[in-house]
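Read the structure below first, then the notes.
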Amino acid sequence: MRVQKTQGIILQVYPRGEKDYLVTIFSPLFGKIKAYAKGGRRMESKFTGHIDILNICNFELYNGPHSTIITECTVIISFANFREHLNKFYLAAESAKMTNRCITENEDHQTSYKLLIETLEALNTFEKEEIIFEAFKIKLCEILGIMPDLYSLNQTEFNDLSLRIKKILKFLLEKPYNEIINLSLEQEDTNNLKKTTQQFLAFSY
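Read left to right, the sequence shown gives residues 9 to 213 (this note's numbering).
Pasting the structure below:
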């Protein structure tokens, strides 16, 4: 298929040469796509304001013999709050980076795509970005199939998890973000939660 149309999230943007960008796009149907925005670095480029990390766009792509070229790109959603709140942007970018590590090219990833969009929307909208980010990591582990069974949790590596942390993990896994933001955690719980999610994610890298 020479010409391809898809919606996608921009995960990465790298300069290539003096004029171009190499863009990593996450498409729900086609997985990870690496495509060139020819002339994208020029001030008068048609891609100016569109080719930015975390933008959700409609893309038209041309699949050439050696590379994929972005022929059209139109922004659907640009998360304005990320530009005004550094921590929100950082956690959103980290969510995109983790997703990028875990998805493959040319495969259907609709569940992961939906999770990332919901996470970006939650980070953009709500104040409790730290707990949203931890919930994202847990939900991503579940999609990847590396989440331990929280209802038995007999795995040797996680036998030392407290009952309280197990309950928090279940809550974050099962609930939507608009309920998760109402959860109040002590600092010790937050520290233990971050440590636990990092242990889970270590299995995916």
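By construction, the Cβ of each residue, glycine as well, lies at the ideal position given by its N, Cα and C atoms.
Three-state secondary structure assigned by DSSP to residue i
| i | result |
| --- | --- |
| D60 | coil |
| T112 | coil |
| A183 | Before going further, note that residue 183 is Lys rather than Ala in the sequence given. In this structure, K183 counts as coil in the three-state DSSP scheme. |
| K202 | helix |
| V11 | strand |
| K40 | strand |
| L131 | helix |
| N71 | strand |
Same chain, Cβ closer than 8 Å to residue i, neighbours up to 5 away in sequence not counted
| i | result |
| --- | --- |
| D28 | Y44, A45, K46, G47, G48 and R49 |
Nonlocal neighbours in the same chain, by C-beta distance under 7 Å from residue i, ignoring five residues either side
| i | result |
| --- | --- |
| E150 | L181 |
| E115 | G39 |
Alpha carbon of residue i to alpha carbon of residue j, nearest angstrom
| i | j | result |
| --- | --- | --- |
| I77 | M51 | 19 Å |
| L37 | L94 | 31 Å |
| A88 | E187 | 23 Å |
| E138 | L209 | 17 Å |
| Y22 | N63 | 15 Å |
| V53 | N190 | One detail in the question is off: residue 53 reads as Ser in this sequence, not Val. Those two C-alpha atoms are separated by around 44 Å. |
| T164 | P156 | With a pLDDT of 46 at T164, under the threshold of 50, the modelled position of that residue is not reliable, and the figure given next carries that caveat. The straight-line gap from Cα to Cα measures roughly 11 Å. |
| I146 | T127 | 12 Å |
| N124 | A104 | The residue you asked about is not Asn; residue 124 is Leu in the sequence shown. Looking at the two C-alpha atoms, the distance is approximately 7 Å. |
| E135 | A143 | 14 Å |
| Y121 | T14 | 13 Å |
Contact check, residue i vs residue j, beta carbons under 8 Å
| i | j | result |
| --- | --- | --- |
| I111 | F34 | yes |
| C65 | H74 | no |
| V31 | Y70 | no |
Cβ neighbours of residue i in the same chain (closer than 6 Å, five flanking residues each side left out)
| i | result |
| --- | --- |
| T198 | none |
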